[in-house]
Amino acid sequence: MEEILRLEGISFCYEEERKALNNLSVSLYGSEKVAVIGNNGAGKSTFFLCCNGVRKFNDGKLFLRGKEIGDSKKERSLLRQTVGLVFQDPDSQIIAGTVESEISFGPMNLKLTKEAVRKQVDDAIANMELEAFRNRAPHYLSGGEKKRVSIADILAMNPQLLLFDEPAESLDPDNKRLFEQNLDILGKKGLGIIIATHDMDFVWRWADRVLVLHKGGLAADAKPEDVFSDEILLDTCGLVQPVLFQVGKIYDMKPLPRTVSDIHKLRL
Amino acid sequence: MIITAVLTVIVLWCLFYGSIPGQVLIFFCLIMGGTIAVFGRHKKEGFLIIDILARKSRLYHVNASLKFWTTIILMILCISSNSAVIGIFLAIVMLFLTVIVGGLKIHDYMSMLVLPVSFLLLSGLALLIEYGGSPAGVLNLPFFHGYLSVMRTDQIRTALVMSKAFGAISCLYMLSLSTPMSDIIEVLKRAHVPDVIVELMYLIYRYTFLLIEMYYSMKSAAKSRLGDIDYRTSLRTTGSIYSNLLARSYRQANNMFDAMESRCFEGEIRFLESRKNMTLIQVITAAGIMLITLGLRLC
Numbered sequence: 001m002e003e004i005l006r007l008e009g010i011s012f013c014y015e016e017e018r019k020a021l022n023n024l025s026v027s028l029y030g031s032e033k034v035a036v037i038g039n040n041g042a043g044k045s046t047f048f049l050c051c052n053g054v055r056k057f058n059d060g061k062l063f064l065r066g067k068e069i070g071d072s073k074k075e076r077s078l079l080r081q082t083v084g085l086v087f088q089d090p091d092s093q094i095i096a097g098t099v100e101s102e103i104s105f106g107p108m109n110l111k112l113t114k115e116a117v118r119k120q121v122d123d124a125i126a127n128m129e130l131e132a133f134r135n136r137a138p139h140y141l142s143g144g145e146k147k148r149v150s151i152a153d154i155l156a157m158n159p160q161l162l163l164f165d166e167p168a169e170s171l172d173p174d175n176k177r178l179f180e181q182n183l184d185i186l187g188k189k190g191l192g193i194i195i196a197t198h199d200m201d202f203v204w205r206w207a208d209r210v211l212v213l214h215k216g217g218l219a220a221d222a223k224p225e226d227v228f229s230d231e232i233l234l235d236t237c238g239l240v241q242p243v244l245f246q247v248g249k250i251y252d253m254k255p256l257p258r259t260v261s262d263i264h265k266l267r268l
Numbered sequence: 269m270i271i272t273a274v275l276t277v278i279v280l281w282c283l284f285y286g287s288i289p290g291q292v293l294i295f296f297c298l299i300m301g302g303t304i305a306v307f308g309r310h311k312k313e314g315f316l317i318i319d320i321l322a323r324k325s326r327l328y329h330v331n332a333s334l335k336f337w338t339t340i341i342l343m344i345l346c347i348s349s350n351s352a353v354i355g356i357f358l359a360i361v362m363l364f365l366t367v368i369v370g371g372l373k374i375h376d377y378m379s380m381l382v383l384p385v386s387f388l389l390l391s392g393l394a395l396l397i398e399y400g401g402s403p404a405g406v407l408n409l410p411f412f413h414g415y416l417s418v419m420r421t422d423q424i425r426t427a428l429v430m431s432k433a434f435g436a437i438s439c440l441y442m443l444s445l446s447t448p449m450s451d452i453i454e455v456l457k458r459a460h461v462p463d464v465i466v467e468l469m470y471l472i473y474r475y476t477f478l479l480i481e482m483y484y485s486m487k488s489a490a491k492s493r494l495g496d497i498d499y500r501t502s503l504r505t506t507g508s509i510y511s512n513l514l515a516r517s518y519r520q521a522n523n524m525f526d527a528m529e530s531r532c533f534e535g536e537i538r539f540l541e542s543r544k545n546m547t548l549i550q551v552i553t554a555a556g557i558m559l560i561t562l563g564l565r566l567c
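Line by line, the protein sequences give chains R and Y. Numbering of the first sequence is given in my numbering, commencing with residue 1 and proceeding in unit increments. Numbering of the second sequence is given in my numbering, commencing with residue 269 and proceeding in unit increments.
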């Protein structure tokens with residue numbers, strides 16, 4: 001897998017005495033499914049804002065496809081285009097009067113031609129199945145629909161890495177299922193997907209790799225089974241094991257079930 | 269609603285007293301008051317659905333620039349005229365366009381119109397009635413050792429002011445009930461209104477809905493904890509809600525700026541514009557209405 005983004009020794013402070021990120025180093029690749037977990041205030045959102053270049057870190061270096069990103073507008077734009085960030089609250093992200101113009105905001109900022117913008121907007125709308133809402137005002141949409149608009153916002157910029165900050169927190173079960181289906185579609189397109197979440201069951205079911213943040217530092221970077229087997233780590237970071245992981249351990253299932261249908265298969 | 273209906277009856281009675289026969293006047297006043305009472309039931313938070321109604325209207329598909337500039341010209345003609353006929357003519361034309369052509373329900377139209385009409389009626393009442401020591405008007409009511417009088421000149425002046433205002437309001441309602449705010453902002457942008465104003469309009473429009481949503485959720489939360497149990501508590505609750513709104517809107521603005529920056533925002537808000545084509549029949553209709561209005565204005 002190609003390395004898209006590398007952070008080296010990143011530190012960031014909101015206030016002098018409180019470090020939101022502390023000497024954090026990590027590499028992110030295309031086509032991988034990464035979950036970022038940690039308790040509240042662990043630095044997940046700040047980590048994402050630094051990855052996208054919205055927050056300028058105090059120390060450290062950031063590399064995009066091996067090339068260091070400096071302070072120039074061009075480099076920042078390239079970083080923000082390549083690493084798309086979907087915010088936790090769609091209402092923080094959505095600014096336009098219609099879904100179509102909202103989705104066009106990013107591509108228009110990239111100074112593309114109108115035809116190119118139109119094509120990217122149309123593709124993003126088709127990908128997120130938003131055709132019926134194209135001319136609707138975003139504030140009249142439901143939470144799940146707004147979330148799809150906020151994802152289409154970023155998709156329209158053709159990113160290589162997609163960062164989701166707690167994407168399913170306010171979604172109902174139906175919309176959560178739809179969101180996971182969308183993730184599968186995006187994954188198949190070869191996008192690297194990084195999701196910050198508190199939903200350990202989702203992490204266990206979905207992720208290939210888990211980053212555990214604790215007090216602004218990287219406490220672990222491992223496969224889900226390794227992270228959830230490390231009880232000291234979980235205890236230190238205030239995390240819990242996923243339900244299916246616990247069930248698999250209790251009944252000594254091998255391999256450990258990731259979904260309920262895995263349990264059915266193992267029992268057969 | 270009932271108050272507006274009663275106000276309608278009183279103002280119309282004062283306005284036309286002495287000009288038309290008594291029985292006809294009673295009938296006319298009751299019809300108008302009844303219409304307001306039946307159709308004009310104001311929906312709570314109804315203004316929030318203006319955009320939805322606009323998108324449902326058949327006039328939504330008409331070019332926004334054409335609608336906008338026609339409305340502006342008609343409003344200027346209406347306000348600058350010295351005849352009540354233009355206001356009445358425009359009110360009827362706009363009612364026809366919005367309800368018959370646009371397909372908006374008469375109840376929705378009336379319920380939207382009733383709020384500005386209430387203010388208009390109150391202003392009309394203030395213009396109509398004078399207090400004096402002797403019964404000098406066409407209508408005189410004894411009041412505290414004097415008389416509340418309605419003069420003939422006041423009737424004419426009030427009819428002119430109210431018809432102008434009503435005509436202009438009707439034009440604006442035709443525009444806003446057939447053109448979503450985002451389209452109107454795009455027209456202003458094309459008209460070279462300064463970017464800073466257009467961008468502020470985009471953000472204010474978006475934030476109006478967000479803040480109202482926040483306000484109602486905070487209000488419900490306060491109500492659920494008896495925050496409106498008595499007048500004093502209610503006042504204190506409202507104060508707290510407003511201060512919280514300020515703090516939250518500040519935080520929301522910061523988050524929104526982050527989200528805009530994350531999508532390569534560099535100081536200029538730009539969206540893809542989608543223009544609707546003008547058809548010949550639309551241009552002819554708009555020109556026709558403007559010419560008739562101009563003709564009435566010159567008569």
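The beta-carbon is built from N, C-alpha and C at its ideal position, and this holds for glycine as well.
First through last residue of the alpha helix (DSSP H) which encompasses residue i
i: serine 92/R; result: 90 to 93
i: phenylalanine 284/Y; result: 270 to 284
i: glycine 217/R; result: Here glycine 217/R belongs to no alpha helix (DSSP H); instead the beta strand (DSSP E) covers 217 to 222.
i: isoleucine 341/Y; result: 332 to 348
i: serine 77/R; result: 73 to 82
i: leucine 28/R; result: Here leucine 28/R belongs to no alpha helix (DSSP H); instead the beta strand (DSSP E) covers 18 to 29.
CA-to-CA distance, residue j to residue i, given in whole angstroms
i: methionine 449/Y; j: methionine 482/Y; result: 21 Å
i: leucine 440/Y; j: glycine 187/R; result: 49 Å
i: histidine 460/Y; j: isoleucine 95/R; result: 21 Å
i: threonine 46/R; j: arginine 55/R; result: 7 Å
i: phenylalanine 133/R; j: tyrosine 140/R; result: 10 Å
i: alanine 35/R; j: aspartate 208/R; result: 8 Å
i: arginine 519/Y; j: lysine 33/R; result: 31 Å
i: isoleucine 537/Y; j: lysine 44/R; result: 28 Å
i: glycine 41/R; j: lysine 215/R; result: 7 Å
i: tyrosine 470/Y; j: glutamate 131/R; result: 23 Å
i: alanine 394/Y; j: serine 349/Y; result: 22 Å
i: leucine 49/R; j: aspartate 89/R; result: 14 Å
i: phenylalanine 364/Y; j: aspartate 122/R; result: 37 Å
i: arginine 420/Y; j: valine 406/Y; result: 6 Å
i: leucine 327/Y; j: valine 369/Y; result: 7 Å
i: methionine 430/Y; j: arginine 323/Y; result: 30 Å
i: isoleucine 437/Y; j: glycine 414/Y; result: 36 Å
i: phenylalanine 164/R; j: aspartate 153/R; result: 12 Å
i: isoleucine 185/R; j: tryptophan 206/R; result: 13 Å
Bounding residues of the beta strand (DSSP E) (the contiguous stretch that carries residue i)
i: lysine 176/R; result: Note, lysine 176/R: premise wrong, no beta strand (DSSP E); alpha helix (DSSP H) at 173 to 188.
i: leucine 211/R; result: 209 to 214
i: tyrosine 441/Y; result: Here tyrosine 441/Y belongs to no beta strand (DSSP E); instead the alpha helix (DSSP H) covers 420 to 444.
i: cysteine 532/Y; result: It is not in any beta strand (DSSP E) - cysteine 532/Y carries neither H nor E in the DSSP assignment.
i: valine 461/Y; result: Where valine 461/Y is concerned, there is no enclosing beta strand (DSSP E), given that its DSSP letter is neither H nor E.
i: cysteine 13/R; result: 3 to 15
Among the options, nearest to residue i - alpha-carbon criterion
i: leucine 111/R; options: Glu534/Y, Met558/Y, Lys373/Y, Met546/Y; result: Before going on, a small fix: residue 111/R reads as lysine here, not leucine. The option with the nearest alpha carbon to lysine 111/R is Glu534/Y.
i: tyrosine 484/Y; options: Trp281/Y, Gly308/Y, Leu316/Y, Phe284/Y; result: Leu316/Y
i: glycine 392/Y; options: Leu280/Y, Leu548/Y, Leu564/Y; result: Leu280/Y
i: glutamate 129/R; options: Glu100/R, Leu234/R, Phe105/R; result: Glu100/R
i: phenylalanine 57/R; options: Gly66/R, Arg65/R, Gly70/R; result: Gly70/R
i: leucine 428/Y; options: Leu383/Y, Leu388/Y, Leu513/Y; result: Leu388/Y
i: alanine 124/R; options: Asp252/R, Arg148/R, Glu75/R; result: Arg148/R
i: leucine 171/R; options: Asp199/R, Ile154/R, Gly192/R; result: Asp199/R
Neighbour-count burial assignment, residue i, 16 or more Cβ in a 10 Å radius
i: alanine 20/R; result: buried
i: glutamine 120/R; result: buried
i: arginine 136/R; result: buried
i: glutamine 181/R; result: exposed
i: glutamine 81/R; result: buried
i: arginine 425/Y; result: exposed
i: glutamate 145/R; result: buried
i: glutamine 291/Y; result: exposed
i: serine 325/Y; result: buried
i: alanine 156/R; result: buried
Proximity test, residue i beta-carbon vs the ligand COA heavy atom, cut-off 8 Å
i: leucine 141/R; result: Annotation note on the ligand COA: not contained in the displayed structure, which lists no ligands.
Chain A within 9 Å of residue i, Cβ atoms only
i: glutamine 93/R; result: The question asks about chain A, but that chain is absent: this structure's protein chains are R and Y.
Taking Cβ-Cβ distances below 9 Å as the criterion, which residues of the region 530 to 548 of chain Y are in contact with chain R? Ser530, Arg531, Cys532, Phe533, Glu534, Glu536, Ile537, Arg538, Phe539, Leu540, Glu541, Ser542
Which residues, taken in chain order from the region 424 to 453 of chain Y, show a beta carbon closer than 7 Å to some beta carbon of chain R? Pro448, Met449, Ser450, Ile453
Cβ-based contacts, 9 Å cut-off: residues of the region 363 to 382 of chain Y near chain R: none
What are the residues of the region 45 to 58 of chain R that lie near chain Y, defined by any Cβ-Cβ distance shorter than 7 Å? Leu49, Asn52, Val54
Short of 8 Å Cβ to Cβ, which residues in the region 317 to 330 of chain Y face chain R? Asp319, Ile320, Arg323
Identify each residue in the region 453 to 478 of chain Y for which the Cβ-Cβ distance to at least one residue of chain R is less than 8 Å, and report them in chain order. Ile453, Tyr470, Leu471, Tyr473, Arg474, Phe477, Leu478
For the region 504 to 523 of chain Y, which residues have a CB atom closer than 8 Å to at least one CB atom of chain R, in sequence order? Gln520, Asn523
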